[in-house]
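Undergrad: In full-length UniProt numbering, the protein residues as written are 1 to 1213.
Glycine included, C-beta positions come from ideal geometry on N, C-alpha and C.
This structure is a prediction, so every number in the text was calculated from the model and none was measured.
Structure below; questions to follow.
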């Protein structure tokens, strides 16, 4: 492969750490893999890096698995070329133990190996997100209830500030605080910082400084517009006396300058700040802005001056309102925040303690714990806020020679500190500050940081790339900005849009030549120019149909009909297929509508993920079935199940059954239909419907019976088998995903049972768990099904498209309004030690934003729009050959307060968009329109009647070509209604299918079980009925059954220390109870005289003299291996020469000089030793054969020890 110079440097450089900024389509994954391969294969003594001495971190398990697989295959290929190379063999073996994983996996392993005395053992399990949320919610309930009792006065204060009907809002706030503190590297520092900040004088407060800075920025923007209006108005009239417009505007300028100076001087008195504005407003009472035509020289300039004046006039009024409604309450809001914050922190601390208590009890950790505990192991915080590596961190630094991290822009603050602490030479000598060490290789792109909702902080990578190459750094920067994916037309458009929109203030990166994309693909040399383009479709809204969806549908049909070429990897072209198209949407709200529109037009679609696992049709049906099994009198779930593919009732049939018992339950009507109810059917149903009702009733009754004896996972499997639901759903549209979802439910059910006590592990408990999830808008994770081979149009969210590419991409739903949802919360928190609340007035019940909340809300909204801009960048860079942007043209854009009216007034003369304007948009479409307006192509300007251009040609316009469309594509012939024609069958294929389906296995193994248990064989040969375990909810009632008493005695013999028990049986019973081997009820039925009789028996005396004793010996042996032992072979004659496996557990065996003696405990009530021996002879013979098989030594004697008869019984063959 031909590498660029930058790629070569990233692959080969070894003298320092490297921070690689890799733009979209720049081949970063290939570079990372190539660098790893060369390092792994480098045998030179100075560069040798064993595979298990490196850390390679990805942000998904799939990416880690793919990385490991690619490395293994590459090493394998190299070994075929160099079979004598022992170093490569060693590397391939070490690769299995290499840390190629997610950060969570690495942290959990680090914790397991270095656990302290925190109550968690190395066998801890990992909580799912849902479990963690549920545990947190329960802990909050416990603590809040306790505070209601013990801290009534404090709770009253919190209630008055945040609650209405109940304390749900307060609980939600506390959970938000708990979640935030989980992302902070050292929460104690943050708590101290937030409290110190609230104690500062008003003028020194960061909140007030943020408020002033925002006010200053707004005033400067308004002042710039006023000055521009003054410049425009200065030459409107022939004489100065006629130019009253200029005097009016200049008065505005003087007023703004005076107000701005006061804000810069940190004036906090609202009346003083408003004085210049109020005075000017009073002077103008009854007056109007002059627009006289007398002596007017330039009417267009007057119109522009008026437009600018109208623009800044509205902005002045907004600023005046902010000053009037915010400044007077700043000190009061800060005092209220200072009063509430300590109480909330104390509550959260107690909730955290309650959560940890539960985690210790369950021996479980959450994903947040992984990073927190790993950081505690690696860091030694200093009082001045600095962080030094711990002895463990220094040990790991010496061990790990290489740290490589992909997608580093998605790291959070804790992860950032962890990676720094693991790297070598991570402390800057002069300042003692933590930095990136000399053995790191970080790859990322701030422009593709789109996971803010996962608490990613793109500033981490920005800081890394900014610090690299400086004198105090041991890292160097490398920029990969050559794009090998897209044609130049797309890259030029992306550069134009992002170059004019993306700055450090909006986008968190200044889009300059270093960040721009440069063509590296050979596609442009293969495709005709007309097949390489960015197409902007300007569409008129229509009430009859959705113009955007119609455009996308027709465009795809048109391109399919025209066989638009697609360049393949080998450089050849082929006609386009449906799989070459992708529709990217801002979120999944309209995915289903888009998919429906495409399907209606006969276009196959890769179905978008449904919004919510539990709301997926197949899962909701299954849950309804569980509800029916739990309580069949629930009408809605029963009706849903009857109408589902489980039972295939039609609505008409359901209505007929319902009419049999109008005022009763639907299940009762089913009982009437089949004649098992006391009432008789008033109307006779046809026999087919009666049979369907009988099948439904029998199935429900049988499954209800099974639900009392089966695990939840087994019950769901039984439902699948009984109703054939799994197979039926696979035949439905998007069947693979539905099948995967149903399979996934088995895992969720199993996890639920494993982590829940017996009572809550029932069907009822699981349904309550599901209801809790739904009530809290929570959910399980969807299954992921690869659909790459499916020839269908992909409909995806922009977030879901990251890492993918398509020849043709449509960006839909760009008009979707942006909504900063964090502004709807009751509290906002900043990693800089800031917090703000939205509190309720206890008298008016009106919620109001405090000043701290308002400034944090504005900061958060700016960060949100920065990510939206980066998301737009990611979406545009998915396209390889053509990018389509369907945009609705709205006349309101040029209205009085329209986005393009503001744009026209605020574009800087040098052809730049001010940050304030970029941040003021309400949709992605408005960003595109701003850039198109800035570009001002004549074709678009004429069609949309744009105001004239007064600014210079904007940056990034060179070589920019945009294709505009103003009409919907014509409907193609393929859109006509097609009559379905059934083709005649292919006789050859049909005959082959018949041959395949007629095939029958003739091997006797088909009728044999593959895995046998000794106890099952014993029961089957004696025709014994299975002994069912008493239901868990009954185990706490009354006395133990005979079988349960037998189990208790057997358990004693299984776990007892014979030496201790021989000396003191009661003491040993108590020990087993203490350590949980026996329950109190079981311990009570183990009478000391029973074990004492065993210890007196001659058999036990022989056991004491043995040098080898086997207890509870598990075995797995092939039945064919037992043919050498005639006694066992006779019992297993049906399995002769088969591969069936026999399993079992030998209670006790001990070795004597001439062989083994085998003992099996029996607690049965028997009238004589002979009766007991006859009952279990075959079982002991099987044990005998198995023991001889696995030890290679003869078994001389077999005994039963009867606890009822209190004696040993020899069993002879």
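Return the CA-CA distance between residue 444 and residue 459, expressed in angstroms with no decimal places.
TA: Within the chain shown, residue 444 is the residue found at index 444, counting from 1. Within the chain shown, residue 459 is the residue found at index 459, counting from 1. Roughly 12 Å between the two C-alpha positions.
Undergrad: For a quick check, are the C-beta atoms of residue 94 and residue 51 less than 8 Å apart?
TA: Position 94 of the chain shown, counted from the first residue, corresponds to residue 94. Position 51 of the chain shown, counted from the first residue, corresponds to residue 51. Cβ atoms of residue 94 and residue 51: closer than 8 Å.
Undergrad: Is there contact between the stretch 1043-1051 and the stretch 1162-1169, where contact requires at least three CB pairs shorter than 8 Å?
TA: Verdict: yes, contact present.
Undergrad: Kindly say whether residue 1014, judged by its beta-carbon, lies nearer than 8 Å to any beta-carbon of chain D.
TA: Absent from the structure: chain D. Only one protein chain is present.
Undergrad: Could you tell me which residues DSSP pairs with residue 482 in its beta bridges?
TA: On the chain shown, position 482 is the one that residue 482 refers to. Per DSSP, 518.
Undergrad: For the alpha helix (DSSP H) containing residue 725, list its first residue and its last residue.
TA: Along the chain shown, read from residue 1 onward, the residue named residue 725 stands at position 725. 725-730 is the span of the alpha helix (DSSP H), which, as asked, contains residue 725.
Undergrad: So residue 514 and residue 476 are supposed to be a Cβ contact under 8 Å. How far apart are they, rounded?
TA: Here residue 514 refers to the residue found at position 514 when the chain shown is read from its first residue. Here residue 476 refers to the residue found at position 476 when the chain shown is read from its first residue. About 14 Å separates the two Cβ atoms, so there is no contact after all.
Undergrad: Closer than 8 Å is the cut-off here; do at least three beta carbon pairs connect the stretch 938-946 with the stretch 235-243?
TA: Not touching, per the Cβ criterion.
Undergrad: Check each candidate in 588, 561 and 522 and name the one with the smallest Cα separation from residue 571.
TA: On the chain shown, residue 571 is found 571 positions in, with the first residue counted as 1. Among 588, 561 and 522, the Cα nearest to that of residue 571 belongs to 522.
Undergrad: For the candidate residues 1146, 612, 810 and 335, whose alpha-carbon lies nearest to that of residue 852?
TA: Numbered from 1 along the chain shown, position 852 holds the residue referred to as residue 852. Answer by Cα proximity: 335.
Undergrad: Rounded to a whole number of angstroms, what is the C-alpha to C-alpha distance between residue 1178 and residue 1187?
TA: Here the question's residue 1178 lines up with position 1178 in the chain shown. Here the question's residue 1187 lines up with position 1187 in the chain shown. When rounded, the distance between both Cα atoms is 14 Å.
Undergrad: Relative to the C-alpha of residue 549, which candidate in 802, 885 and 67 has its C-alpha closest?
TA: The residue labelled residue 549 in the question sits at position 549 within the chain shown. Of 802, 885 and 67, the residue nearest in Cα terms is 885.
Undergrad: Near residue 773, which residues of its chain fall below 7 Å by C-beta distance, leaving aside the five closest residues on each side in sequence?
TA: The sequence position of residue 773 within the chain shown is 773, counting from 1. Result list for residue 773: 130, 614 and 779, in chain order.
Undergrad: In whole angstroms, what separates the C-alpha of residue 1059 from that of residue 1100?
TA: Taking the first residue of the chain shown as position 1, residue 1059 is located at position 1059. Taking the first residue of the chain shown as position 1, residue 1100 is located at position 1100. Rounded to the nearest angstrom, the two C-alpha atoms are 11 Å apart.
Undergrad: Could you tell me if residue 559 is buried or exposed, where buried requires 16 or more neighbouring beta carbons within 10 angstroms of its beta carbon?
TA: Residue 559 sits at position 559 when you count from the first residue of the chain shown. Looking at its Cβ environment, which holds 16 or more other Cβ atoms inside 10 Å, residue 559 is buried.
Undergrad: Who are the near neighbours of residue 870 in its chain, counting only those whose CB is closer than 7 Å to its CB and skipping five residues on each side?
TA: Position 870 of the chain shown, counted from the first residue, corresponds to residue 870. If we look at residue 870 and ignore the five residues flanking it on each side, its Cβ neighbours are 447, 448, 449, 450 and 507.
Undergrad: Is the stretch 273-281 in contact with the stretch 311-324, if contact means three or more CB pairs nearer than 8 Å?
TA: Short answer: they touch.
Undergrad: Would you say residue 1239 and residue 493 are within 8 Å of each other, going by their C-beta atoms?
TA: Outside the shown range of the chain (1 to 1213) lies residue 1239, about which nothing can therefore be said.
Undergrad: Verify the contact flag: residue 571, CB atom, against every heavy atom of the ligand NAD, threshold strictly below 7 Å.
TA: In the structure shown, the ligand NAD is absent, as is every other ligand, since no ligand is present at all.
Undergrad: To the nearest angstrom, report how far apart residue 954 and residue 533 are at their CA atoms.
TA: To locate residue 954, count along the chain shown from 1; it is residue 954. To locate residue 533, count along the chain shown from 1; it is residue 533. If you take the alpha carbons of residue 954 and residue 533, they lie about 20 Å apart.
Undergrad: Would you identify the three-state DSSP class for residue 1008, choosing helix, strand or coil?
TA: To locate residue 1008, count along the chain shown from 1; it is residue 1008. Here residue 1008 sits in coil by DSSP.
Undergrad: Have a look at residue 1174 and residue 768 and give me their C-alpha separation to the nearest angstrom.
TA: Position 1174 of the chain shown holds residue 1174. Position 768 of the chain shown holds residue 768. Computed Cα separation, rounded: 50 Å.
Undergrad: Let me check one thing: in DSSP terms, what residues is residue 574 bridge-paired to?
TA: The residue given as residue 574 occupies position 574 in the chain shown. Its beta-bridge partners are 566.
Undergrad: Would you give the residue range spanned by the beta strand (DSSP E) that residue 910 belongs to?
TA: Taking the chain shown and counting its residues from 1, the one referred to as residue 910 is at position 910. Taken as a continuous stretch (DSSP letters only), residue 910 belongs to no beta strand (DSSP E), as it is neither H nor E.
Undergrad: Roughly how many whole angstroms lie between the Cα atoms of residue 998 and residue 736?
TA: Residue numbering aside, residue 998 sits at position 998 when the chain shown is read from its first letter. Residue numbering aside, residue 736 sits at position 736 when the chain shown is read from its first letter. Approximately 27 Å, taken between the alpha carbons.
Undergrad: Alpha carbon to alpha carbon, what distance is there between residue 556 and residue 602?
TA: As a first step, residue 602 is located in the chain shown; it is residue number 602 there, counting from the start. As a first step, residue 556 is located in the chain shown; it is residue number 556 there, counting from the start. Rounded to the nearest angstrom, the two C-alpha atoms are 11 Å apart.
Undergrad: In whole angstroms, what is the alpha-carbon distance linking residue 1219 and residue 835?
TA: Residue 1219 is absent from the structure shown; the chain starts at 1 and stops at 1213.
Undergrad: Measure the beta-carbon distance from residue 960 to residue 929 and round it to whole angstroms, keeping in mind my assumption that it falls under 8 Å.
TA: Locating residue 960 in the chain shown gives position 960, counting from the first residue. Locating residue 929 in the chain shown gives position 929, counting from the first residue. At roughly 16 Å, the Cβ-Cβ gap does not stay under 8 Å, so residue 960 and residue 929 are not in contact.
Undergrad: Residues in its own chain within less than 7 Å of residue 324 by CB, not counting five upstream and five downstream?
TA: Taking the first residue of the chain shown as 1, we reach residue 324 at position 324. For residue 324, where only same-chain residues beyond five positions count, the Cβ hits under 7 Å are 270 and 274.
Undergrad: In chain order, what residues of the same chain have a beta carbon less than 7 Å from the beta carbon of residue 206, not counting five sequence neighbours either side?
TA: Locating residue 206 in the chain shown gives position 206, counting from the first residue. So the list reads 197 and 834, once near-sequence residues are dropped.
Undergrad: Are the beta-carbon atoms belonging to residue 378 and residue 366 less than 8 Å from one another?
TA: Position 378 of the chain shown, counted from the start, is the residue given in the question as residue 378. Position 366 of the chain shown, counted from the start, is the residue given in the question as residue 366. Against a cut-off of 8 Å, the Cβ pair of residue 366 and residue 378 comes out as no contact.
Undergrad: For residue 85, I'd like the list of residues in its chain whose CB is within less than 7 Å of its CB, leaving aside the five on either flank, ordered along the chain.
TA: What you label residue 85 is simply residue 85 of the chain shown in a count that begins at 1. Counting only Cβ-Cβ distances below 7 Å, and skipping sequence neighbours, we find 79.
Undergrad: For a test of the three-state rule: what should DSSP assign to residue 284, helix, strand or coil?
TA: For this step, residue 284 is matched to residue 284 along the chain shown. Correct three-state label for residue 284: coil.
Undergrad: In this structure, does DSSP put residue 559 in helix, strand or coil?
TA: Along the chain shown, one-based indexing puts residue 559 at 559. Three-state DSSP puts residue 559 in a helix.
Undergrad: Are the beta-carbon atoms belonging to residue 1112 and residue 1181 less than 8 Å from one another?
TA: Walking along the chain shown from the start, residue 1112 turns up at place 1112. Walking along the chain shown from the start, residue 1181 turns up at place 1181. No. Outside cutoff.
Undergrad: Given residue 438, which residues of its chain have a CB within under 8 Å of its CB, disregarding the five upstream and five downstream residues?
TA: Along the chain shown, one-based indexing puts residue 438 at 438. Cβ within range, chain order: 16, 17, 423, 424, 425, 474 and 475.
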